[in-house]
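Trainee: Structure in structure tokens, see below.
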Amino acid sequence: MKLILQLLLITFLIGKSYAQESDRSVFGKTDAYLESTLDSLQIVGLNYAILVDNKVVHKKSFGSAHAQLDVPMTLDKSFPVASISKMFSSIALHKLLSIHNRDVSETVGDFLPSRNDLPESWQKLTLEQLLSHTSGVPDQIDYQIFLAPESEQSVIDAIKDKPFSSQPGTESKYNATGFLLIRAIIEKLANQDFESHMQTEYFDKFNLISAKYGGFKKVIPNRVTCYQNNNGNLEMFPLNYSPPMYAGAGLNITINDLAKWFQALQDGLILDKDIFNKIWTPVKLANGKDGYFGLGWESYRLEGGYRMVGHGGAGISSFRHYWNENTNQNITIILLTNGAYDWKIRPNQMNSEIANMLFEK
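Residues in the sequence shown are numbered consecutively from 1, following full-length UniProt numbering.
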């Protein structure tokens with residue numbers, strides 16, 4: 001019996017050693033791929049993390065946090081994650097809907113009945129349509145109203161008489177205005193301003209110390225400088241957001257805290273799993289086909305039983321969670337950059353390349 005136990009222990013240790021060596025090998029490949037991509041696309045700086053079965057198994061920094069100061073990138077740097085913020089807002093909204101026994105099939109008018117400033121056509125839109133970018137509501141970006149408006153009212157007044165881009169429920173088309181309304185609904189249900197609600201219910205509760213809302217003018221501790229190419233010159237990229245747009249963009253957070261929040265979500269500490277499974281399901285269009293979004297998250301069905309959910313951020317960052325419905329394999333890849341000299345940065349494509357390496361392991 002003692003000999004059998006010794007043999008079993010040896011077998012276990014050999015297997016564990018082989019698995020660790022295999023992990024080191026594949027992470028060496030992903031590191032090398034990113035290092036090469038950093039050079040070829042002249043990305044200024046990058047942090048990335050890999051989670052397998054909701055455990056962080058690898059993370060690394062490359063490049064510079066501030067090019068003009070030659071400050072090395074480190075894992076404790078905060079990034080403006082832009083539209084990745086939408087994932088947080090969607091989860092917060094669904095938590096409030098669960099508490100108040102409400103549903104995404106209800107309309108803007110159901111939640112904001114006293115908002116006479118909103119056109120009737122806007123009041124008929126469902127939360128599902130707003131979250132899935134199928135509302136067709138006039139998009140403020142189309143009318144040069146970007147992400148730092150003076151007030152919510154200034155946006156509404158500027159576009160409320162503009163035509164819808166499509167009939168509600170018929171087309172997936174990315175839309176910033178929808179999350180302006182989502183913010184108002186969150187504040188109504190929470191009886192609290194959006195930023196305070198997110199701080200008390202999520203950032204404080206889950207010890208996300210780095211999580212702060214604010215555009216480039218706001219002083220955010222340890223935040224990287226972002227960059228872009230302007231006529232062949234590398235210059236600072238002023239990612240600016242004001243409070244009316246915080247539900248759709250404006251969050252700053254470290255890769256460590258972003259991973260921590262997702263782990264809490266996956267562990268069922270924020271929402272029941274059946275709720276976020278609904279959030280992750282692509283919303284059907286009127287023609288019966290899947291749209292490109294679930295409820296505030298991008299959501300795709302891939303070949304071979306694979307699924308992917310997540311969000312990109314300002315064309316410079318990418319959050320992706322992949323799983324196989326047949327094997328239950330699941331991997332999360334978070335890739336945050338602070339911009340590049342090359343416009344072809346494509347962080348979502350980089351994310352997919354890393355996922356392919358990991359699933360082929």
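Beta carbons are placed, not taken as given, at the ideal position from N, Cα and C, and that holds for glycine.
#1: Buried or exposed: GLY304, going by 16 or more other Cβ atoms within 10 Å of its Cβ?
#2: Considering only the alpha carbon of each residue, which of LEU295, GLY313, ILE316 lies closest to HIS94?
#3: Residues in the same chain with beta-carbon distance under 8 Å from GLU187, minus the five sequence neighbours each way, listed in chain order, please.
#4: Applying the criterion that 16 or more other CB atoms from any shown protein chain within 10 Å of the CB defines a buried residue, is GLN140 buried or exposed?
#5: Report all residues from its chain with a CB closer than 7 Å to the CB of LEU125; omit the five preceding and five following residues, and keep chain order.
#6: Buried or exposed: where does TRP343 fall if 16 or more other Cβ atoms within 10 Å of its Cβ makes it buried?
#7: Using the beta-carbon count (16 or more within 10 Å), is HIS100 buried or exposed?
#8: Does the segment 61–76 come close enough to the segment 42–51 that 3 or more CB-CB pairs lie under 8 Å?
#9: If you draw a straight line from the alpha carbon of HIS58 to that of ASN356, how long is it in whole angstroms?
#10: For GLU120, tell me which candidate among GLY313, ASP161, SER64 has the shortest Cα-Cα distance.
#11: Could you tell me if GLN144 is buried or exposed, where buried requires 16 or more neighbouring beta carbons within 10 angstroms of its beta carbon?
#12: Around the C-beta of ASP257, are 16 or more other C-beta atoms found within 10 angstroms, so that it is buried, or is it exposed?
#13: Taking the straight line between their C-alpha atoms, what separation do you get for PRO347 and ASN116?
#14: Nearest by alpha-carbon distance to TYR341: which of GLN329, LEU38, PHE216 is it?
#15: Round the Cβ separation of LEU336 and VAL81 to the nearest angstrom and send it over; I've been treating them as touching at under 8 Å.
#16: Is it a yes or a no for the segment 320–334 touching the segment 252–267, going by three-plus beta-carbon pairs under 8 Å?
#17: Looking only at its chain, what residues have a beta carbon closer than 8 Å to the beta carbon of TYR227, apart from the 5 residues adjacent to it on each side?
Mentor: A quick look at the data gives this:
#1: exposed
#2: LEU295
#3: ASP193, PHE194, HIS197
#4: GLN140 comes out buried.
#5: Close CB contacts of LEU125 within its chain, under the 7 Å cut and outside five residues either way in sequence, are with THR107, VAL108, SER135, VAL137, PRO168 (chain order).
#6: exposed
#7: exposed
#8: yes
#9: Approximately 16 Å, taken between the alpha carbons.
#10: Minimum Cα distance to GLU120 is reached at ASP161.
#11: exposed
#12: buried
#13: 41 Å
#14: The shortest C-alpha separation from TYR341 is found at LEU38.
#15: 7 Å
#16: yes
#17: VAL44, ALA67, LEU234, GLU235, MET236, PHE237, ASN338, GLY339, ALA340, TYR341
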